[in-house]
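Single-structure report; data block below.
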Amino acid sequence: MVQNKMLKQITLFAENKPARLTSATKILSENGINIRAFTIADTGEFGIIRFVVDDADASLRHLRKAGFTVSETQVIGLEMPDKPGALFEISRALSDNEINIDYAYAYASATPDKAILILQASDLIRAVRLLTERGFHLVESSP
Amino acid sequence: MEFWNPKIERLSAEELRELQERKLRRLVENAFEYSNFYKKRFGSAGVSPSDIRRLDDIQKLPFTYKTDLRDTYPTGMFAVPQSQIESVLMQIPEVGDHFQIVVDRAGPMDILTVKVGVTESALSDRIGALMQLEERIAKQLRDVLMVNAKVELVERGTLPRSSGKSQKVIDLREV
Numbered sequence: 011m012v013q014n015k016m017l018k019q020i021t022l023f024a025e026n027k028p029a030r031l032t033s034a035t036k037i038l039s040e041n042g043i044n045i046r047a048f049t050i051a052d053t054g055e056f057g058i059i060r061f062v063v064d065d066a067d068a069s070l071r072h073l074r075k076a077g078f079t080v081s082e083t084q085v086i087g088l089e090m091p092d093k094p095g096a097l098f099e100i101s102r103a104l105s106d107n108e109i110n111i112d113y114a115y116a117y118a119s120a121t122p123d124k125a126i127l128i129l130q131a132s133d134l135i136r137a138v139r140l141l142t143e144r145g146f147h148l149v150e151s152s153p
Numbered sequence: 014m015e016f017w018n019p020k021i022e023r024l025s026a027e028e029l030r031e032l033q034e035r036k037l038r039r040l041v042e043n044a045f046e047y048s049n050f051y052k053k054r055f056g057s058a059g060v061s062p063s064d065i066r067r068l069d070d071i072q073k074l075p076f077t078y079k080t081d082l083r084d085t086y087p088t089g090m091f092a093v094p095q096s097q098i099e100s101v102l103m104q105i106p107e108v109g110d111h112f113q114i115v116v117d118r119a120g121p122m123d124i125l126t127v128k129v130g131v132t133e134s135a136l137s138d139r140i141g142a143l144m145q146l147e148e149r150i151a152k153q154l155r156d157v158l159m160v161n162a163k164v165e166l167v168e169r170g171t172l173p174r175s176s177g178k179s180q181k182v183i184d185l186r187e188v
């Protein structure tokens, strides 16, 4: 199943003013939710904060209840060996097939010498199939 | 030979005049219909929009003086009803009812800002898509009403809860 090979990512809309990240992460913290990875993209006036957490459904519920505008999207979590050329292999596999990377961010894996690359692509389903075929290890969504 | 706008630049003198006259008539009709100031000013000059048909008729139009701008400030020269702005915004699915119109000043200019509350369905994980949404709303206001507005995406929580008219439009200008 292609869907199992995707991770749920939470996107949160925030105006560019102090303490928005603090309020959002406070809610996650109080509800015992662990943030695995996150990244911020901003335009100066507003930004979006993207999270990968251990419990996406609970995060969405609690953030909504607190009045945040949030949405859920699928992304790929890709295990990346800690050695030269790792990102090159991934990016070549996608570009050879004309799949565009919309954004990506990384976090250190619990497994030593591995990093996890979070990836959003123009054609996510094809990207999952292709990377699996090429022998990359995709992080499975937690049950 | 290259043209920036092949259609307009290659019009015959006759066609160009017709275009100018059509635009003049539209401008005069719009000013008369939507601006109370011009309705009165045309009235006291004894001019009706139907008198302005040809370019030569421009001499029949009354002048607008510096003192007029001063005396009618701040809203006396408005010529687009707020309800029109609202109906354009309501027709954009991502906007719906989640907006507020703010009128403010920067130096000598009035600035119209439209604050749009982002809904979950409009919230994309791609920031480019949100920036395009801002541009699309601004373009719609420009195309339909010829109004230049700055569009700002905001958190819905910062907009007033009530959809009452008084809170939909906020005027921050000091007279």
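Each protein sequence line maps, in turn, to chains Z and F.
Here my numbering is used: the first residue of the first sequence is 11, the next is one more, and so on.
Here my numbering is used: the first residue of the second sequence is 14, the next is one more, and so on.
Ideal Cβ placement from N, Cα and C applies to all residues, glycine included.
{"Item": "Beta-carbon proximity list for I183 of chain F, same chain, < 6 Å, skipping 5 on both sides", "Value": "V115"}
{"Item": "Contact with chain F by A131 of chain Z, beta-carbon distance below 8 Å", "Value": "no"}
{"Item": "CA nearest to the CA of P28 of chain Z, picked from Z:N14, Z:K15, Z:K18 and Z:F56", "Value": "Z:F56"}
{"Item": "Assigned exposure category for Q130 of chain Z - 16 Cβ within 10 Å defines buried", "Value": "buried"}
{"Item": "Chain-ordered neighbours of G109 of chain F on chain Z, where CB pairs are closer than 9 Å", "Value": "Result: empty, since nearest Cβ-Cβ is about 14 Å, beyond 9 Å."}
{"Item": "C-beta atoms of L73 of chain Z and I126 of chain Z nearer than 8 Å", "Value": "no"}
{"Item": "Residue environment, S39 of chain Z, which counts as buried when at least 16 other CB atoms sit within 10 Å", "Value": "exposed"}
{"Item": "Integer-rounded CB distance, given that K128 of chain F should sit under 8 Å from L172 of chain F", "Value": "7 Å"}
{"Item": "Cβ-based burial, K15 of chain Z [other Cβ within 10 Å; buried from 16]", "Value": "buried"}
{"Item": "I100 of chain Z - DSSP class collapsed to helix/strand/coil", "Value": "helix"}
{"Item": "Cβ pair count under 8 Å reaching 3, the stretch 31 to 48 of chain F against the stretch 88 to 95 of chain F", "Value": "yes"}
{"Item": "The stretch 149 to 163 of chain F touching the stretch 67 to 74 of chain F, judged by at least three CB pairs closer than 8 Å", "Value": "no"}
{"Item": "Own chain residues within Cβ distance below 6 Å of T49 of chain Z, not counting five before or after", "Value": "R60 and Y115"}
{"Item": "E15 of chain F, buried or exposed, once every other Cβ within 10 Å from all chains shown has been counted against 16", "Value": "exposed"}
{"Item": "Limits of the unbroken beta strand (DSSP E) element including G87 of chain Z", "Value": "V80 to P91"}
{"Item": "Where Q1 of chain F sits in the DSSP three-state scheme", "Value": "With chain F covering 14 to 188 only, the question about residue 1 of chain F has no answer from this structure."}
{"Item": "In DSSP terms, what R60 of chain Z is bridged to", "Value": "Z:T21 and Z:T49"}
{"Item": "Cut-off 6 Å between Cβ atoms - residues of its own chain near R30 of chain Z, not counting five sequence neighbours on either side", "Value": "A24"}
{"Item": "For R118 of chain F and S2 of chain F, the rounded distance between their alpha carbons", "Value": "Outside the shown range of chain F (14 to 188) lies residue 2 of chain F, about which nothing can therefore be said."}
{"Item": "Nearest-angstrom beta carbon gap, L134 of chain Z and I86 of chain Z [assumed within contact, 8 Å]", "Value": "7 Å"}
{"Item": "Residues that V80 of chain Z contacts on chain F, provided the C-beta gap is smaller than 8 Å", "Value": "E133 and L136"}
{"Item": "Beta-bridge partners of L125 of chain F, as assigned by DSSP", "Value": "F:V116"}
{"Item": "E168 of chain F classed as buried or exposed, judged by whether at least 16 other C-beta atoms fall within 10 angstroms", "Value": "buried"}
{"Item": "Where A26 of chain F falls, given that 16 or more other Cβ within 10 Å makes a residue buried", "Value": "exposed"}
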